[in-house]
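Down below is the structure, laid out as structure tokens.
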Amino acid sequence: MNELQNRTTRQDSAVTVIGLGPMGQAMTRTLLNAGHPVTVWNRTASRADGVVADGATLAATPSEAVEASDLVILSLTDYRAMYDILDSATASLAGRTLVNLSSDTPDRSREAAAWAAGHDATFLTGGVMVPAPMVGTEAAHVYYSGRDQVTESHLAALTLLGTPKHLGEDPGLAQMMYQAQLAVFLTTLSGLVHATAMLGTAGMKAKEALPELLSSADSIGDILRAVEENPGTALDAGEHPGDLSTVTMMGATSDHIVETSTSLGLDLALPLAVQAHYRRAIEKGHGNDNWTRIIDSIRGPR
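In our numbering, the protein residues as written are 193 to 494.
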């Protein structure tokens, strides 16, 4: 293989990671362990010390980081940070693939895709659906969306981070899925902590309460699948058969949770929000429908 081919091969396999929080560091180490040359850059340069010790190359500037690889992965606080960092490196973006794995809104993801296209760069929105310690494991998966085709070599590198799931051409769709998944995750965490606080008022320690509560959380998927082989089918059809868990029944349960939480002096933000979903459905005359009818008020006026 001649020197030109050597340079081309190194460039194809090289990856740049910008942003070295726990997620960026985990991705860098995963790529290094697979044999990829990795260049890194972070606004606080000392955060790169660990991955540099593991074999990464620290770039002096964002431009230098971008120019080191055809594949540039961004792991930042939000999309604003991407502009703050790369505005000084726009002349280096042409022909490169930007994969932004930062959290933000779908609209900002779409705006970023247009911005990247304006600089002749390929843009892919992504959402990593595991915490940093699970990056690169069999349990890891990453949602992607975007209009541009990603080269096979880049796809191979991205697959190392987690199984890729491409949702479509809309650059905002992967971000939407990421936020939807986090909506489930964060409300579940709040529910678990609220329930733990509730049991704590009766003297139960968190180490006793959480295992029981986690078993309940784990069973939700099984419960939904037991009612409907493909959950969501009835919702898509606008059907809410009230032969099992009706709005009225679930609403009564939400009332009891509010009453209990009130008597215990707990914060009511979460239980009141849940109660409101059922009350609005009942006010609309849907008390005998399945609990899924609460989606009407969540969707808002149409």
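Backbone N, C-alpha and C fix where the C-beta goes; we use that ideal spot for every residue, glycine too.
- Sixteen is the threshold: since fewer than 16 other Cβ atoms of the shown chains lie within 10 Å of the Cβ of Y275, the residue is exposed.
- Between the alpha carbons of R472 and T484 lies a distance of about 13 Å.
- A straight-line Cα-Cα distance of about 8 Å links L458 and H386.
- Annotated three-state conformation of P356 is strand, per DSSP.
- Counting the other Cβ atoms within 10 Å of the Cβ of V320 gives 16 or more, which makes it buried.
- By alpha-carbon distance to L378, the top candidate from L350, A409, K399, A366 is A409.
- Here the alpha carbons of G242 and D262 stand approximately 24 Å from one another.
- For W233, the beta-bridge partners assigned by DSSP are I210.
- Annotation for T438: no alpha helix (DSSP H) segment contains it, and DSSP assigns it neither H nor E.
- Collapsing the DSSP output to three states places S337 in a strand.
- By the neighbour-count criterion, in which 16 or more other beta carbons inside 10 Å mark a residue as buried, P363 falls on the buried side.
- Taken atom to atom, the span from the alpha-carbon of S280 to that of L416 is near 50 Å.
- Within the segment 287 to 349, the runs of beta strand (DSSP E) that reach at least 3 residues and sit entirely inside it are, in chain order, 289 to 292, 314 to 320, 333 to 337.
- With contacts defined by Cβ atoms closer than 8 Å, L293 and A308 do not form a contacting pair.
- Annotated three-state conformation of T249 is strand, per DSSP.
- Setting aside the 5 residues that flank it on each side, D428 has no residue in the same chain whose C-beta is closer than 8 Å to its C-beta.
- Counting along the chain, the unbroken alpha helix (DSSP H) around I487 starts and ends at 487 to 491.
- Check the Cα spacing between A206 and each of S345, D270, S411: the tightest is with S345.
- Ranked by Cα distance from K476, the first of S489, N234, D299 is S489.
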